[in-house]
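Enquirer: Numbering-wise, numbering that gives the first Met the number 0 puts 79 at position 80 of the sequence shown, and it's gapless, one number per residue. Pasting a structure below so you can have a look.
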Amino acid sequence: MANEPEWRWYAFAGLLMVGQTLFDVLPGGPWDAPSFTRGIVGLVGLCCLYIGWFRFTFKSNGIIPSINRWQNPQQSWIKVLIFSFTCFVIVGILQLNDIEEQLPETAGMIVLLIGSLAMLNSIYVGLVVSGPLKETGEEE
Numbered sequence: 000m001a002n003e004p005e006w007r008w009y010a011f012a013g014l015l016m017v018g019q020t021l022f023d024v025l026p027g028g029p030w031d032a033p034s035f036t037r038g039i040v041g042l043v044g045l046c047c048l049y050i051g052w053f054r055f056t057f058k059s060n061g062i063i064p065s066i067n068r069w070q071n072p073q074q075s076w077i078k079v080l081i082f083s084f085t086c087f088v089i090v091g092i093l094q095l096n097d098i099e100e101q102l103p104e105t106a107g108m109i110v111l112l113i114g115s116l117a118m119l120n121s122i123y124v125g126l127v128v129s130g131p132l133k134e135t136g137e138e139e
C-alpha cells in the first residue's frame with residue numbers, strides 16, 4: 000500500500016468542484032461571467048475525478064490508460080464499451096425529460112464527451128487484443 004499513489008484527495012476535490020456546478024455560488028471571476036467560472040471549475044473537477052479514478056484503478060501515477068496497464072484487456076474493453084453506451088443513453092434520457100432544466104446547459108455535452116472518449120479507447124483496445132491489430136507470433 001505504500002507504493003500506491005494517493006487518489007482520495009483528487010476524488011474528493013473533484014466531487015466538490017463538479018458538485019458546485021449545480022449551484023450559483025462562485026463569483027464572476029475576472030471575466031465577469033459566473034457561468035463561465037462554474038464551467039472552468041467543473042472541468043477542473045472532472046480532471047481531478049479522472050486522475051483519482053486512474054490512480055485507484057491502475058495503482059500508479061499517470062493519465063493514459065495504455066493497454067499494458069490493463070489486467071485483463073480481453074474482457075475489460077467490453078465493459079468500457081458498455082459504459083460508453085450507458086453515457087449515450089444517459090444523454091438521451093436527459094434530452095427527453097425535464098431533468099435537463101435542473102442541470103447546467105453543458106451537462107449533456109460533457110457526458111457525451113466522456114462516453115465518446117471511453118468508446119474510442121474501448122474500440123482501440125478491442126482491435127488490438129482481438130481484432131485485426133492483434134499481434135501474431137509470426138514476425139517477418
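By construction, the Cβ of each residue, glycine as well, lies at the ideal position given by its N, Cα and C atoms. Note that the coordinates shown come from a computational prediction; the quantities given were computed from them, not determined experimentally.
Buried or exposed: S65, going by 16 or more other Cβ atoms within 10 Å of its Cβ?
Expert: By one-based count along the sequence shown, residue 65 stands at place 66. With fewer than 16 other CB atoms across the displayed protein chains lying within 10 angstroms of its CB, S65 is exposed.
Enquirer: Does any heavy atom of the ligand MG sit closer than 8 Å to the C-beta of L42?
Expert: Looking at this structure, you won't find the ligand MG or any other ligand, since it has none at all.
Enquirer: In this structure, how does DSSP classify A32 when only helix, strand and coil are distinguished?
Expert: On the sequence shown, position 33 is the one that residue 32 refers to. Correct three-state label for A32: coil.
Enquirer: Confirm, please, whether the CB-CB distance from L25 to R37 is below 9 Å.
Expert: Walking along the sequence shown from the start, residue 37 turns up at place 38. Walking along the sequence shown from the start, residue 25 turns up at place 26. Their beta carbons are under 9 Å apart, which means R37 touches L25 by this criterion.
Enquirer: Evaluate the contact criterion for the segment 117-126 versus the segment 63-80: three or more CB pairs, one atom per stretch, below 8 Å.
Expert: A contact exists between the segment 117-126 and the segment 63-80.
Enquirer: Between L116, I39, A10, which lies nearest to C86 when the distance is taken from Cα to Cα?
Expert: Taking the sequence shown and counting its residues from 1, the one referred to as residue 86 is at position 87. For the residues L116, I39, A10, the minimum Cα distance to C86 belongs to L116.
Enquirer: Could you check which residue in N120, L93, M118, I113 has the C-alpha nearest to that of Y49?
Expert: Within the sequence shown, numbered from 1, the residue matching residue 49 stands at position 50. It is I113 whose Cα lies nearest to the Cα of Y49.
Enquirer: Per DSSP, what kind of secondary structure is W69 in: helix, strand or coil?
Expert: Position 70 of the sequence shown holds residue 69. Of the three classes helix, strand and coil, the one that applies to W69 here is coil, per DSSP.
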